[in-house]
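For the sequence shown, position 226 (counting from the first letter as 1) is numbered 228 according to my numbering, and the numbering increases by one without interruption.
The structure appears below as C-alpha coordinates.
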Amino acid sequence: MVILPHDIVATLHGASPGTELPVAFISVDAGDAFVHETLTTECGKERRKVSGLIRLVEVIEDEPMQIPPGIEVLVVAWPDDQSSETTHRRVEYQYDAWVGRDESHVEKRQVRTVKFDAEIFSRIHGLYETQVLHGKKVLIIGVGSGGSFVAVELAKAGVGEFMLVDHDRLEVANVVRHICGLSDLGRFKTKAVRDQILDKNPFAKVNTLEQPVDWDSLPDLKELVRQADLVFCCTDNRASRMLVNLVCVSERRVCIYGGTFNRAYGGYVHRVIPNETMCYQCFIDLLPDKADDYEVASQEQANRVAYDDRPVPVEPGLSNDIAPISVMCVKFGILELLRGTETTLATLYQDLSNAWYMWLNRRETGTEHGGLNPLDTDGSEDLRIMAWYGIANDRDPGCPVCGDFVDLHLGGNRPSKTEIDAFAANDLSALNPATIVSADDVD
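Put into C-alpha coordinates, the structure is as follows:
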(Lines of atoms letter the chains of each structure in order from A and count residues from 1; the text may use other names and numbers.)
(Lines give C-alpha, C1' and ligand atoms only; values in the text may rest on other atoms or scores of the structure.)
Protein backbone atom coordinates (compact mmCIF):
# COMPACT_ATOMS: atom_id res chain seq x y z
CA MET A 1 0.00 0.00 0.00
CA VAL A 2 1.16 3.52 -0.89
CA ILE A 3 -0.76 6.38 0.72
CA LEU A 4 -0.86 9.92 -0.71
CA PRO A 5 -2.64 13.10 0.41
CA HIS A 6 -5.53 13.86 -1.96
CA ASP A 7 -4.40 17.46 -2.41
CA ILE A 8 -1.28 16.18 -4.17
CA VAL A 9 -3.36 16.68 -7.35
CA ALA A 10 -2.99 20.44 -6.85
CA THR A 11 0.72 20.14 -7.60
CA LEU A 12 -0.06 18.16 -10.75
CA HIS A 13 -2.75 20.49 -12.07
CA GLY A 14 -1.67 22.00 -15.36
CA ALA A 15 1.48 19.89 -15.59
CA SER A 16 2.32 18.17 -18.87
CA PRO A 17 3.01 14.44 -19.34
CA GLY A 18 6.55 13.57 -18.36
CA THR A 19 6.55 15.91 -15.36
CA GLU A 20 8.23 14.38 -12.33
CA LEU A 21 7.67 15.48 -8.72
CA PRO A 22 10.18 14.40 -6.04
CA VAL A 23 8.47 13.34 -2.80
CA ALA A 24 9.40 11.60 0.44
CA PHE A 25 7.66 8.63 2.03
CA ILE A 26 7.90 6.97 5.42
CA SER A 27 8.48 3.25 5.07
CA VAL A 28 6.35 1.43 7.68
CA ASP A 29 6.97 -2.10 8.96
CA ALA A 30 10.01 -2.72 6.80
CA GLY A 31 8.34 -1.63 3.56
CA ASP A 32 4.90 -3.13 4.10
CA ALA A 33 3.42 0.33 3.49
CA PHE A 34 4.73 3.69 2.32
CA VAL A 35 3.02 6.82 3.66
CA HIS A 36 3.59 10.35 2.33
CA GLU A 37 5.69 12.26 4.86
CA THR A 38 2.97 14.88 5.47
CA LEU A 39 0.60 12.18 6.76
CA THR A 40 2.77 10.50 9.40
CA THR A 41 6.03 10.74 11.31
CA GLU A 42 9.33 8.93 11.17
CA CYS A 43 9.16 8.14 14.90
CA GLY A 44 8.70 4.51 15.82
CA LYS A 45 10.18 1.11 15.17
CA GLU A 46 10.72 -0.17 11.63
CA ARG A 47 10.18 3.29 10.14
CA ARG A 48 12.51 5.21 7.88
CA LYS A 49 12.29 7.98 5.32
CA VAL A 50 12.75 6.95 1.69
CA SER A 51 12.94 8.83 -1.59
CA GLY A 52 9.99 8.75 -3.97
CA LEU A 53 8.93 10.17 -7.30
CA ILE A 54 5.53 10.99 -8.82
CA ARG A 55 5.60 10.80 -12.61
CA LEU A 56 2.76 12.22 -14.72
CA VAL A 57 1.98 10.19 -17.87
CA GLU A 58 -0.69 10.44 -20.53
CA VAL A 59 -1.51 6.74 -20.66
CA ILE A 60 -0.53 4.01 -18.21
CA GLU A 61 1.67 1.24 -19.58
CA ASP A 62 1.03 -2.42 -18.92
CA GLU A 63 4.62 -3.55 -18.48
CA PRO A 64 6.47 -3.04 -15.18
CA MET A 65 7.96 0.38 -14.63
CA GLN A 66 11.67 0.89 -14.21
CA ILE A 67 12.47 2.72 -10.98
CA PRO A 68 15.19 5.40 -11.40
CA PRO A 69 18.39 4.97 -9.35
CA GLY A 70 18.13 6.30 -5.80
CA ILE A 71 14.32 6.08 -5.83
CA GLU A 72 12.49 3.47 -3.75
CA VAL A 73 8.87 4.37 -4.56
CA LEU A 74 7.69 5.39 -8.03
CA VAL A 75 4.08 6.62 -8.31
CA VAL A 76 2.67 6.97 -11.82
CA ALA A 77 -0.30 9.30 -12.27
CA TRP A 78 -2.53 9.74 -15.29
CA PRO A 79 -5.72 11.79 -15.87
CA ASP A 80 -9.05 10.20 -15.00
CA ASP A 81 -11.00 10.31 -18.27
CA GLN A 82 -14.33 10.77 -16.47
CA SER A 83 -13.17 13.80 -14.49
CA SER A 84 -11.65 15.48 -17.55
CA GLU A 85 -14.91 15.28 -19.51
CA THR A 86 -16.36 18.17 -17.47
CA THR A 87 -14.49 21.44 -17.79
CA HIS A 88 -16.00 22.74 -14.54
CA ARG A 89 -14.19 20.11 -12.49
CA ARG A 90 -10.51 20.02 -11.72
CA VAL A 91 -8.87 17.02 -13.34
CA GLU A 92 -8.58 14.05 -11.00
CA TYR A 93 -5.90 11.40 -11.36
CA GLN A 94 -5.54 7.67 -11.09
CA TYR A 95 -2.40 6.17 -9.60
CA ASP A 96 -0.29 3.06 -9.62
CA ALA A 97 2.92 2.54 -7.68
CA TRP A 98 6.03 0.41 -7.96
CA VAL A 99 8.31 -0.26 -5.04
CA GLY A 100 11.81 -1.70 -5.10
CA ARG A 101 15.27 -1.19 -3.67
CA ASP A 102 16.98 -2.57 -6.76
CA GLU A 103 16.15 -3.47 -10.37
CA SER A 104 15.94 -7.19 -9.61
CA HIS A 105 12.89 -6.92 -7.37
CA VAL A 106 10.12 -4.43 -8.20
CA GLU A 107 6.60 -4.81 -6.80
CA LYS A 108 3.42 -3.12 -7.95
CA ARG A 109 1.47 -1.57 -5.08
CA GLN A 110 -2.04 -0.21 -4.67
CA VAL A 111 -2.29 3.56 -4.11
CA ARG A 112 -4.80 5.18 -1.83
CA THR A 113 -5.37 8.94 -1.60
CA VAL A 114 -6.58 10.45 1.67
CA LYS A 115 -8.70 13.61 2.09
CA PHE A 116 -7.07 14.12 5.45
CA ASP A 117 -8.93 17.10 6.92
CA ALA A 118 -12.28 15.62 5.88
CA GLU A 119 -11.60 12.11 7.15
CA ILE A 120 -9.73 12.57 10.42
CA PHE A 121 -12.84 13.45 12.49
CA SER A 122 -15.44 11.84 10.22
CA ARG A 123 -16.43 9.26 12.87
CA ILE A 124 -17.56 11.89 15.41
CA HIS A 125 -19.33 14.43 13.17
CA GLY A 126 -22.72 13.09 14.22
CA LEU A 127 -22.11 13.98 17.87
CA TYR A 128 -21.06 17.61 17.47
CA GLU A 129 -19.51 20.01 15.01
CA THR A 130 -15.80 19.34 15.33
CA GLN A 131 -14.90 22.83 14.12
CA VAL A 132 -16.28 24.15 17.41
CA LEU A 133 -13.55 22.35 19.33
CA HIS A 134 -10.92 23.19 16.74
CA GLY A 135 -11.24 26.82 17.82
CA LYS A 136 -10.82 26.02 21.54
CA LYS A 137 -7.64 26.33 23.59
CA VAL A 138 -7.06 24.17 26.69
CA LEU A 139 -4.42 24.44 29.38
CA ILE A 140 -3.33 21.13 30.92
CA ILE A 141 -1.18 21.49 34.03
CA GLY A 142 0.54 18.20 34.75
CA VAL A 143 0.89 15.66 31.92
CA GLY A 144 1.64 12.53 33.89
CA SER A 145 -0.46 9.37 33.88
CA GLY A 146 -3.77 11.24 33.96
CA GLY A 147 -2.95 14.49 32.21
CA SER A 148 -1.29 12.79 29.22
CA PHE A 149 -4.41 10.69 28.64
CA VAL A 150 -6.63 13.78 28.87
CA ALA A 151 -4.47 15.64 26.35
CA VAL A 152 -4.51 12.91 23.70
CA GLU A 153 -8.22 12.19 24.10
CA LEU A 154 -9.03 15.88 23.63
CA ALA A 155 -6.86 15.89 20.51
CA LYS A 156 -8.82 12.93 19.18
CA ALA A 157 -12.04 14.83 19.92
CA GLY A 158 -10.88 17.75 17.75
CA VAL A 159 -9.57 20.35 20.21
CA GLY A 160 -7.35 22.67 18.20
CA GLU A 161 -4.90 24.27 20.63
CA PHE A 162 -3.05 23.02 23.70
CA MET A 163 -0.80 24.51 26.37
CA LEU A 164 1.05 21.83 28.36
CA VAL A 165 2.82 22.56 31.65
CA ASP A 166 5.07 20.08 33.47
CA HIS A 167 8.71 20.10 34.58
CA ASP A 168 9.22 16.32 34.85
CA ARG A 169 10.95 14.01 32.40
CA LEU A 170 9.69 10.56 31.46
CA GLU A 171 11.34 7.84 33.55
CA VAL A 172 11.29 4.06 33.27
CA ALA A 173 8.85 3.76 36.18
CA ASN A 174 6.39 6.04 34.38
CA VAL A 175 6.03 3.92 31.27
CA VAL A 176 3.57 1.32 32.61
CA ARG A 177 1.06 4.08 33.43
CA HIS A 178 1.86 6.85 30.95
CA ILE A 179 0.56 7.23 27.42
CA CYS A 180 4.14 7.58 26.17
CA GLY A 181 6.60 4.68 26.05
CA LEU A 182 10.26 3.80 26.24
CA SER A 183 10.96 5.55 22.94
CA ASP A 184 10.37 8.83 24.84
CA LEU A 185 12.57 7.95 27.83
CA GLY A 186 14.42 10.99 29.21
CA ARG A 187 12.31 13.52 27.34
CA PHE A 188 10.24 16.22 29.00
CA LYS A 189 6.74 14.82 29.38
CA THR A 190 5.35 17.96 27.76
CA LYS A 191 7.31 17.41 24.55
CA ALA A 192 6.57 13.68 24.43
CA VAL A 193 2.84 14.32 24.90
CA ARG A 194 2.99 17.09 22.30
CA ASP A 195 4.15 14.53 19.74
CA GLN A 196 1.35 12.17 20.76
CA ILE A 197 -1.18 14.97 20.24
CA LEU A 198 0.19 15.80 16.80
CA ASP A 199 0.20 12.13 15.85
CA LYS A 200 -3.58 12.13 16.42
CA ASN A 201 -4.33 15.63 15.16
CA PRO A 202 -1.58 17.22 13.05
CA PHE A 203 -3.67 20.39 12.69
CA ALA A 204 -3.42 21.10 16.43
CA LYS A 205 -1.20 23.81 17.86
CA VAL A 206 0.77 22.77 20.94
CA ASN A 207 2.87 25.01 23.19
CA THR A 208 4.82 23.61 26.12
CA LEU A 209 6.25 25.06 29.32
CA GLU A 210 8.78 23.05 31.31
CA GLN A 211 8.71 24.56 34.80
CA PRO A 212 7.18 23.80 38.21
CA VAL A 213 3.85 25.29 39.25
CA ASP A 214 4.79 27.41 42.26
CA TRP A 215 4.81 31.02 43.40
CA ASP A 216 7.84 31.79 41.25
CA SER A 217 5.90 30.82 38.13
CA LEU A 218 2.72 32.68 39.16
CA PRO A 219 2.99 35.42 36.46
CA ASP A 220 3.35 32.78 33.72
CA LEU A 221 0.50 30.75 35.18
CA LYS A 222 -1.83 33.76 35.23
CA GLU A 223 -1.09 34.54 31.60
CA LEU A 224 -1.68 30.96 30.49
CA VAL A 225 -4.99 30.76 32.38
CA ARG A 226 -6.15 34.02 30.78
CA GLN A 227 -5.48 32.58 27.33
CA ALA A 228 -7.30 29.29 27.97
CA ASP A 229 -10.93 28.43 27.32
CA LEU A 230 -10.67 25.61 29.85
CA VAL A 231 -8.08 24.47 32.41
CA PHE A 232 -7.26 20.93 33.57
CA CYS A 233 -5.25 20.53 36.77
CA CYS A 234 -3.68 17.06 36.81
CA THR A 235 -0.78 17.69 39.21
CA ASP A 236 0.10 15.31 42.04
CA ASN A 237 0.42 17.72 44.96
CA ARG A 238 -1.88 19.98 46.93
CA ALA A 239 0.28 23.10 46.81
CA SER A 240 0.15 23.35 43.02
CA ARG A 241 -3.58 22.60 42.96
CA MET A 242 -4.28 25.34 45.49
CA LEU A 243 -2.28 27.80 43.40
CA VAL A 244 -4.08 26.80 40.20
CA ASN A 245 -7.39 27.15 42.04
CA LEU A 246 -6.48 30.64 43.24
CA VAL A 247 -5.60 31.79 39.72
CA CYS A 248 -8.57 30.15 37.96
CA VAL A 249 -11.10 31.59 40.42
CA SER A 250 -9.48 35.01 40.12
CA GLU A 251 -9.49 34.85 36.31
CA ARG A 252 -12.97 33.25 36.19
CA ARG A 253 -11.85 30.19 34.24
CA VAL A 254 -13.49 26.80 34.65
CA CYS A 255 -10.99 24.25 35.95
CA ILE A 256 -11.35 20.46 36.06
CA TYR A 257 -9.36 18.55 38.69
CA GLY A 258 -8.77 14.82 38.56
CA GLY A 259 -7.28 12.85 41.43
CA THR A 260 -6.89 9.30 42.71
CA PHE A 261 -7.13 8.00 46.25
CA ASN A 262 -4.44 5.91 47.95
CA ARG A 263 -3.23 3.07 45.69
CA ALA A 264 -5.89 4.25 43.22
CA TYR A 265 -8.67 2.26 44.91
CA GLY A 266 -10.84 5.10 43.63
CA GLY A 267 -10.70 8.73 42.70
CA TYR A 268 -12.61 11.86 41.92
CA VAL A 269 -13.29 14.53 39.33
CA HIS A 270 -13.99 18.05 40.49
CA ARG A 271 -15.33 20.73 38.17
CA VAL A 272 -14.90 24.25 39.51
CA ILE A 273 -17.07 26.95 37.93
CA PRO A 274 -16.01 30.22 39.61
CA ASN A 275 -18.72 31.78 41.78
CA GLU A 276 -21.10 28.87 41.06
CA THR A 277 -19.59 25.67 42.50
CA MET A 278 -17.29 24.91 45.40
CA CYS A 279 -13.67 25.59 44.52
CA TYR A 280 -10.71 23.36 45.35
CA GLN A 281 -10.13 25.23 48.63
CA CYS A 282 -13.78 24.61 49.55
CA PHE A 283 -13.21 20.92 48.82
CA ILE A 284 -10.27 20.82 51.22
CA ASP A 285 -12.27 22.54 53.95
CA LEU A 286 -15.61 20.74 53.42
CA LEU A 287 -14.35 17.23 52.60
CA PRO A 288 -11.02 17.03 54.45
CA ASP A 289 -10.98 13.21 54.62
CA LYS A 290 -11.27 12.93 50.84
CA ALA A 291 -8.76 15.72 50.27
CA ASP A 292 -6.25 13.88 52.49
CA ASP A 293 -6.78 10.57 50.68
CA TYR A 294 -4.46 10.58 47.69
CA GLU A 295 -2.16 8.29 45.76
CA VAL A 296 1.57 8.39 46.50
CA ALA A 297 3.05 7.40 43.14
CA SER A 298 6.69 8.53 43.35
CA GLN A 299 9.49 8.85 45.89
CA GLU A 300 9.54 12.61 45.37
CA GLN A 301 5.86 12.79 46.27
CA ALA A 302 6.40 10.51 49.28
CA ASN A 303 9.21 12.73 50.54
CA ARG A 304 6.97 15.79 50.34
CA VAL A 305 4.31 14.35 52.63
CA ALA A 306 6.43 12.24 55.00
CA TYR A 307 7.32 13.15 58.59
CA ASP A 308 10.96 13.07 59.68
CA ASP A 309 10.41 9.95 61.76
CA ARG A 310 7.71 8.28 59.66
CA PRO A 311 8.40 7.66 55.97
CA VAL A 312 5.52 7.27 53.54
CA PRO A 313 5.60 4.23 51.23
CA VAL A 314 5.31 4.64 47.47
CA GLU A 315 2.15 2.79 46.48
CA PRO A 316 1.03 3.70 42.96
CA GLY A 317 -2.15 2.33 41.43
CA LEU A 318 -2.62 0.49 38.17
CA SER A 319 -3.04 2.30 34.88
CA ASN A 320 -6.51 0.84 34.42
CA ASP A 321 -7.50 2.18 37.86
CA ILE A 322 -6.49 5.69 36.79
CA ALA A 323 -8.26 5.43 33.43
CA PRO A 324 -11.85 5.93 34.67
CA ILE A 325 -10.85 9.21 36.33
CA SER A 326 -9.11 10.43 33.18
CA VAL A 327 -12.05 9.45 30.98
CA MET A 328 -14.47 11.39 33.18
CA CYS A 329 -12.19 14.43 33.10
CA VAL A 330 -12.30 14.32 29.30
CA LYS A 331 -16.09 13.97 29.30
CA PHE A 332 -16.49 16.99 31.58
CA GLY A 333 -14.01 18.90 29.44
CA ILE A 334 -15.82 18.25 26.17
CA LEU A 335 -19.14 19.26 27.75
CA GLU A 336 -17.66 22.53 28.99
CA LEU A 337 -16.10 23.30 25.61
CA LEU A 338 -19.38 22.54 23.83
CA ARG A 339 -21.53 24.50 26.27
CA GLY A 340 -23.91 26.77 24.34
CA THR A 341 -23.68 24.77 21.09
CA GLU A 342 -25.97 22.17 19.54
CA THR A 343 -24.85 18.65 20.36
CA THR A 344 -26.40 15.23 20.84
CA LEU A 345 -24.42 15.08 24.10
CA ALA A 346 -26.68 17.77 25.61
CA THR A 347 -28.54 15.33 27.90
CA LEU A 348 -25.30 14.86 29.86
CA TYR A 349 -25.60 18.39 31.25
CA GLN A 350 -28.51 17.09 33.33
CA ASP A 351 -26.76 13.85 34.28
CA LEU A 352 -23.52 15.57 35.31
CA SER A 353 -24.87 18.55 37.21
CA ASN A 354 -22.84 18.21 40.44
CA ALA A 355 -19.43 19.72 41.02
CA TRP A 356 -17.72 16.67 42.58
CA TYR A 357 -17.89 13.03 41.51
CA MET A 358 -16.35 9.96 43.13
CA TRP A 359 -15.41 6.65 41.54
CA LEU A 360 -14.54 3.42 43.38
CA ASN A 361 -12.39 0.75 41.74
CA ARG A 362 -12.57 -1.70 44.62
CA ARG A 363 -13.52 -2.18 48.28
CA GLU A 364 -10.29 -1.05 49.95
CA THR A 365 -9.59 -2.52 53.39
CA GLY A 366 -8.93 0.12 56.03
CA THR A 367 -11.10 2.77 54.36
CA GLU A 368 -14.72 3.77 54.87
CA HIS A 369 -15.48 1.85 51.66
CA GLY A 370 -13.90 -1.43 52.78
CA GLY A 371 -17.21 -2.82 54.06
CA LEU A 372 -19.36 -2.13 51.01
CA ASN A 373 -21.53 -4.90 49.66
CA PRO A 374 -20.03 -6.82 46.73
CA LEU A 375 -20.88 -5.49 43.30
CA ASP A 376 -23.40 -8.23 42.46
CA THR A 377 -25.35 -8.04 45.73
CA ASP A 378 -29.09 -7.84 45.02
CA GLY A 379 -31.40 -5.28 46.57
CA SER A 380 -28.75 -2.90 47.89
CA GLU A 381 -28.94 0.82 47.19
CA ASP A 382 -25.68 1.58 48.98
CA LEU A 383 -22.50 2.71 47.28
CA ARG A 384 -21.08 0.18 44.86
CA ILE A 385 -17.70 -0.27 43.29
CA MET A 386 -17.24 0.41 39.56
CA ALA A 387 -19.67 3.31 39.63
CA TRP A 388 -19.72 7.10 39.73
CA TYR A 389 -21.42 9.07 42.51
CA GLY A 390 -22.13 12.78 42.36
CA ILE A 391 -21.97 14.77 45.56
CA ALA A 392 -23.77 18.11 45.77
CA ASN A 393 -21.74 20.51 47.91
CA ASP A 394 -22.44 24.21 48.14
CA ARG A 395 -19.62 26.71 48.23
CA ASP A 396 -18.11 27.54 51.59
CA PRO A 397 -19.26 31.12 52.28
CA GLY A 398 -16.14 31.68 54.36
CA CYS A 399 -13.74 30.28 51.76
CA PRO A 400 -10.63 32.48 51.55
CA VAL A 401 -10.53 31.95 47.76
CA CYS A 402 -14.10 32.04 46.42
CA GLY A 403 -16.05 33.22 49.49
CA ASP A 404 -16.00 36.27 51.73
CA PHE A 405 -13.59 35.15 54.43
CA VAL A 406 -13.04 38.61 55.90
CA ASP A 407 -16.71 39.57 56.04
CA LEU A 408 -17.69 36.26 57.61
CA HIS A 409 -15.14 36.55 60.42
CA LEU A 410 -15.78 40.25 61.03
CA GLY A 411 -19.53 39.85 61.20
CA GLY A 412 -20.18 42.15 58.27
CA ASN A 413 -18.03 44.97 59.67
CA ARG A 414 -15.52 45.09 56.82
CA PRO A 415 -12.93 47.82 57.47
CA SER A 416 -12.76 50.77 55.07
CA LYS A 417 -9.64 51.76 53.18
CA THR A 418 -9.13 54.61 55.64
CA GLU A 419 -9.19 52.17 58.55
CA ILE A 420 -6.82 49.78 56.78
CA ASP A 421 -4.38 52.65 56.15
CA ALA A 422 -4.70 53.74 59.79
CA PHE A 423 -3.99 50.22 61.00
CA ALA A 424 -0.93 50.06 58.79
CA ALA A 425 0.24 53.35 60.34
CA ASN A 426 -0.45 51.95 63.83
CA ASP A 427 -3.09 54.67 64.42
CA LEU A 428 -5.64 52.66 66.43
CA SER A 429 -7.67 55.77 67.29
CA ALA A 430 -9.03 55.88 63.72
CA LEU A 431 -10.37 52.33 63.79
CA ASN A 432 -14.03 51.39 64.16
CA PRO A 433 -14.25 49.31 67.36
CA ALA A 434 -16.63 46.89 65.60
CA THR A 435 -13.86 45.80 63.24
CA ILE A 436 -11.43 44.95 66.04
CA VAL A 437 -11.45 41.24 66.85
CA SER A 438 -9.86 40.23 70.12
CA ALA A 439 -8.21 36.91 70.80
CA ASP A 440 -11.13 35.96 73.01
CA ASP A 441 -13.50 36.22 70.01
CA VAL A 442 -11.58 33.74 67.93
CA ASP A 443 -12.60 30.06 68.16
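Idealized CB from N, CA, C, for every residue including glycine.
(1) How do the segment 135–155 and the segment 183–199 stand: do at least 3 beta-carbon pairs fall below 8 Å, yes or no?
(2) Output the distance between the C-alpha atoms of Asp-291 and Ser-328, rounded to the nearest integer angstrom.
(3) At which residues does the alpha helix (DSSP H) containing Asn-247 begin and terminate?
(4) How long is the line joining the alpha carbons of Leu-288 and Asp-398, rounded to whole angstroms?
(5) Just the Cα atoms here: how many angstroms apart are Gly-20 and Arg-57?
(6) Please report the straight-line C-alpha distance between Ala-241 and Val-167, rounded to a whole angstrom.
(7) Nearest-angstrom Cα distance between Arg-49 and Ala-35?
(8) Would you identify the three-state DSSP class for Ala-79, choosing helix, strand or coil?
(9) Measure from the alpha carbon of Glu-278 to the alpha carbon of each residue in Cys-257, Tyr-296, Pro-70, then state which is nearest.
(10) Return the first residue and the last residue of the alpha helix (DSSP H) that Ala-35 is part of.
(11) Quick one: grab the DSSP three-state call for Thr-21.
(12) Leaving out five residues on either side along the sequence, give the residues of the same chain with a beta carbon under 6 Å from the beta carbon of Thr-115.
(13) In whole angstroms, what separates the C-alpha of Thr-40 from that of Ala-12?
(14) Looking at Tyr-282 and Arg-243, is the spacing between their C-beta atoms short of 7 Å?
(15) For Cys-257, which beta-bridge partners are listed by DSSP?
(16) Select from Pro-70, Ile-73, Val-93 the residue whose C-alpha is nearest the C-alpha of Ala-79.
(17) Output the distance between the C-alpha atoms of Leu-76 and Ile-69, rounded to the nearest integer angstrom.
(18) To which residues does DSSP link Phe-164 through a beta bridge?
(19) From Gly-33 to Asp-197, what distance separates their C-alpha atoms?
(20) State the start and end residues of the unbroken beta strand (DSSP E) segment that holds Ile-393.
(21) So His-371 and Leu-362 are in contact, right, with Cβ under 8 Å, and what is the actual spacing, rounded?
(22) Give the secondary structure of Arg-49 by DSSP, where H, G and I count as helix, E and B as strand, and everything else as coil.
(23) Say whether the segment 347–364 touches the segment 261–269, bearing in mind that this needs 3 or more beta-carbon pairs closer than 8 Å, one atom from each stretch.
(24) Taking 7 Å as the cut-off, decide whether the C-beta atoms of Pro-81 and Leu-55 are in contact.
(25) In whole angstroms, give me the CA-to-CA distance for Leu-211 and Thr-379.
In short:
(1) yes
(2) 22 Å
(3) 240–253
(4) 7 Å
(5) 6 Å
(6) 15 Å
(7) 10 Å
(8) strand
(9) Cys-257
(10) Careful: Ala-35 lies outside any alpha helix (DSSP H), inside the beta strand (DSSP E) at 35–38.
(11) coil
(12) Leu-6, His-8
(13) 15 Å
(14) yes
(15) Val-233, Val-274
(16) Val-93
(17) 6 Å
(18) Val-140, Val-208
(19) 23 Å
(20) 390–393
(21) 6 Å
(22) strand
(23) yes
(24) no
(25) 49 Å
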